[in-house]
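Residue numbers (the working numbering), protein chains in the order written: chain A, 165 to 412; chain B, 62 to 305.
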């Protein structure tokens with residue numbers, strides 16, 4: 165199978181400061197991949213390079229065998245950031261439709277439908293300041309799905325949520341991923357939560373602290389569709405333990 | 062709303078009886094009832110001159126805020142322009158308007174043009190600074206998000222930067238309401254034959270203190286009306302901001 169995203173020998177440094185060097189990753193269609201590593205290790209920078217927001221110092225990234233610039237113009241990436249980045253003068257529907265207005269794309273999946281998918285039916289007319297942090301982030305996810313990108317790039321999207329909401333959002337994300345699998349080809353999630361990474365991903369790529377190197381590339385194959393109960397299983401503990409060890 | 066009204070009448074009462082008890086002569090401090098009498102007796106005169114000043118102030122306000130906003134957009138767009146012109150904007154701000162006013166009379170005559178100009182000059186700086194700051198207030202993640210949509214500069218400006226700047230712009234407009242009246246009255250002090258400033262000056266020459274007070278009140282009234290008008294519009298436009 166041809167890789168959806170291919171990262172070849174990627175280097176990034178800011179002057180003397182090396183963020184990472186010699187990173188090679190292939191991501192295939194249908195994969196949910198997590199980048200796991202200590203805070204400030206450069207995994208967010210890597211995500212932003214893949215999404216075309218930052219230029220690498222050396223090396224190349226290919227998306228569907230094309231350059232990142234081409235992919236960006238083709239609207240292949242849907243971003244979800246740590247903060248929801250919603251606009252207070254737009255209600256839920258209007259926030260979700262922002263990318264469609266900018267891209268000028270036909271509204272394929274309607275904002276209403278997306279709102280249902282993220283579990284916020286009935287909040288169409290609500291403004292961001294009327295919604296909780298978790299709800300705001302759901303709008304952020306719905307907005308990222310609005311123009312049907314092939315890759316969802318998520319930069320610690322649940323990092324600022326409390327533990328309980330975070331768990332709910334993880335389950336929700338898995339469900340969305342299962343529902344939208346024909347549309348979204350891959351999800352890349354940056355996180356520093358081992359539990360989140362193991363529960364959600366098909367592959368966890370573990371990075372060292374700066375300059376970041378790939379420590380481990382761990383495949384995770386729980387039976388699909390995954391249920392929240394797997395978190396209590398022996399396998400889940402074992403894999404988590406393996407990931408934890410590779411972080412050291 | 063009820064407390065300001067109660068306080069207003071309480072202060073008027075204390076003032077009224079204070080003047081009577083201390084037997085202060087009217088040319089030093091007239092009783093409020095005398096000021097009211099003056100407003101009623103000279104209604105036409107006061108009303109006309111209030112309108113003149115209000116017109117000058119609103120024209121100055123509109124002129125300054127339009128030009129200041131456009132300059133702010135240019136400055137926010139080009140840091141070279143901003144760096145080049147900013148020192149002169151500061152110089153304009155720090156030069157007292159009262160020092161420039163005679164020059165404006167010389168150039169533009171003693172009609173309303175010179176008052177509009179002096180009013181516009183002091184209104185210019187707040188809108189300029191706030192427009193620049195407001196337009197630049199988009200954070201990195203917001204800009205990243207728009208970059209990921211390959212949004213054009215124009216789209217970023219209209220859909221994001223402008224609404225983000227709206228609260229900044231309105232706070233400049235509110236500051237300007239008071240300043241606009243100051244600018245108009247300063248212009249009238251220096252050379253004119255109409256307007257509230259002219260009325261204040263003339264009644265001070267004639268020791269008509271009651272009329273002077275009436276004029277002072279009306280000058281405040283212009284500013285207050287103006288301020289609440291802008292506040293009302295602000296609530297309609299920038300509806301997403303929490304109420305203060």
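Note that beta-carbon positions come from the ideal geometry of N, C-alpha and C, so glycine has one too.
Proximal residues to residue 376 (chain A) (C-beta, below 6 Å), its chain only, five neighbours per side dropped: Here the question's residue 376 (chain A) lines up with position 212 in the first chain. Closer than 6 Å at the Cβ level, and outside the excluded window around residue 376 (chain A), lie 184, 205, 206.
Below 8 Å between beta carbons: does that hold for residue 305 (chain A) and residue 282 (chain A)? Locating residue 305 (chain A) in the first chain gives position 141, counting from the first residue. Locating residue 282 (chain A) in the first chain gives position 118, counting from the first residue. Contact: yes.
Cβ of residue 341 (chain A) within 8 Å of any chain B Cβ: Locating residue 341 (chain A) in the first chain gives position 177, where the first residue counts as 1. For residue 341 (chain A), the answer is no, since every Cβ of chain B falls outside 8 Å of its Cβ.
Mind checking residue 289 (chain B): buried by the 16 CB within 10 Å criterion, or exposed? Mapped onto the second chain, residue 289 (chain B) falls at position 228. Exposed, by the Cβ-count rule.
Just to confirm, is the Cβ distance from residue 190 (chain A) to residue 167 (chain A) under 8 Å? Along the first chain, read from residue 1 onward, the residue named residue 190 (chain A) stands at position 26. Along the first chain, read from residue 1 onward, the residue named residue 167 (chain A) stands at position 3. The criterion of a C-beta distance shorter than 8 Å is satisfied by residue 190 (chain A) and residue 167 (chain A).
Along the chain, which unbroken stretches of the alpha helix (DSSP H) at least 4 residues long are found entirely within the segment 336-367 of chain A? 358-364
Backbone CA spacing between residue 257 (chain B) and residue 169 (chain B) [nearest angstrom]: Start at 1 with the first residue of the second chain, and residue 257 (chain B) comes out as number 196. Start at 1 with the first residue of the second chain, and residue 169 (chain B) comes out as number 108. For residue 257 (chain B) and residue 169 (chain B), the distance between alpha carbons rounds to 19 Å.
Note the first and the last residue of the continuous alpha helix (DSSP H) segment covering residue 300 (chain A). Reading the first chain from its first residue, position 136 is the one you call residue 300 (chain A). 297-309 is the span of the alpha helix (DSSP H), which, as asked, contains residue 300 (chain A).
Residue 320 (chain A) and residue 246 (chain A) closer than 8 Å at C-beta: Here residue 320 (chain A) refers to the residue found at position 156 of the first chain. Here residue 246 (chain A) refers to the residue found at position 82 of the first chain. Yes, the Cβ-Cβ distance between residue 320 (chain A) and residue 246 (chain A) is below 8 Å.
Counting along the chain, where does the beta strand (DSSP E) carrying residue 302 (chain B) start and finish? Residue mapping note: residue 302 (chain B) aligns to position 241 of the second chain, counting from 1. Segment: none, residue 302 (chain B) is in no beta strand (DSSP E) and carries neither H nor E.
Do residue 367 (chain A) and residue 195 (chain A) have their beta-carbon atoms positioned less than 8 Å apart in this structure? Position 31 of the first chain, counted from the start, is the residue given in the question as residue 195 (chain A). Position 203 of the first chain, counted from the start, is the residue given in the question as residue 367 (chain A). Going by C-beta atoms, residue 195 (chain A) is nearer than 8 Å to residue 367 (chain A).
Please list the residues of the segment 207-240 of chain A that have a C-beta atom closer than 8 Å to any C-beta atom in chain B, keeping them in chain order. 212, 215, 216, 217, 236, 237, 239
Against chain A: residues of the segment 195-206 of chain B by CB proximity under 7 Å: Those would be 202, 203, 205, 206, in chain order.
Can you find a C-beta in chain B that's less than 8 Å from the C-beta of residue 249 (chain A)? In the first chain, counting from the first residue as 1, residue 249 (chain A) sits at position 85. Cβ-Cβ to chain B under 8 Å: yes for residue 249 (chain A).
Counting only beta-carbon atoms, is residue 215 (chain B) nearer than 8 Å to chain A? Locating residue 215 (chain B) in the second chain gives position 154, where the first residue counts as 1. Judged by the 8 Å Cβ criterion, residue 215 (chain B) is not in contact with chain A.
Name the residue from B:187, B:266, B:215 whose alpha carbon lies nearest to the alpha carbon of residue 150 (chain B). Here residue 150 (chain B) is taken as the residue at index 89 of the second chain, counted from 1. Closest by alpha carbon: B:187.
From residue 179 (chain B) to residue 251 (chain B), what distance separates their C-alpha atoms? Position 118 of the second chain, counted from the start, is the residue given in the question as residue 179 (chain B). Position 190 of the second chain, counted from the start, is the residue given in the question as residue 251 (chain B). Looking at the two C-alpha atoms, the distance is approximately 11 Å.
Are the segment 143-163 of chain B and the segment 219-238 of chain B touching, with three or more C-beta to C-beta distances below 8 Å? no
Euclidean distance between Cα positions of residue 300 (chain B) and residue 262 (chain A): Residue 300 (chain B) sits at position 239 when you count from the first residue of the second chain. Residue 262 (chain A) sits at position 98 when you count from the first residue of the first chain. Rounded to the nearest angstrom, the gap between the Cα atoms of residue 300 (chain B) and residue 262 (chain A) is 19 Å.
Starting from residue 245 (chain A), find everything on chain B with Cβ-Cβ shorter than 8 Å and list it in chain order. For the purposes of this step, residue 245 (chain A) is taken as the residue at position 81 of the first chain. Per Cβ cutoff of 8 Å: 202, 205, 206.
Please report whether the beta-carbon of residue 211 (chain B) lies at a distance below 8 Å from any beta-carbon of chain A. Your numbering for residue 211 (chain B) matches position 150 in the second chain. Residue contact check for residue 211 (chain B) against chain A: a CB pair falls below 8 Å.
Exposed unless 16 or more other CB atoms sit within 10 angstroms - verdict on residue 313 (chain A): Start at 1 with the first residue of the first chain, and residue 313 (chain A) comes out as number 149. Buried, by the Cβ-count rule.
Reduced DSSP category for residue 254 (chain B) - H, G, I as helix; E, B as strand; rest coil: Residue numbering aside, residue 254 (chain B) sits at position 193 when the second chain is read from its first letter. Reduced to three states, the DSSP call for residue 254 (chain B) is coil.
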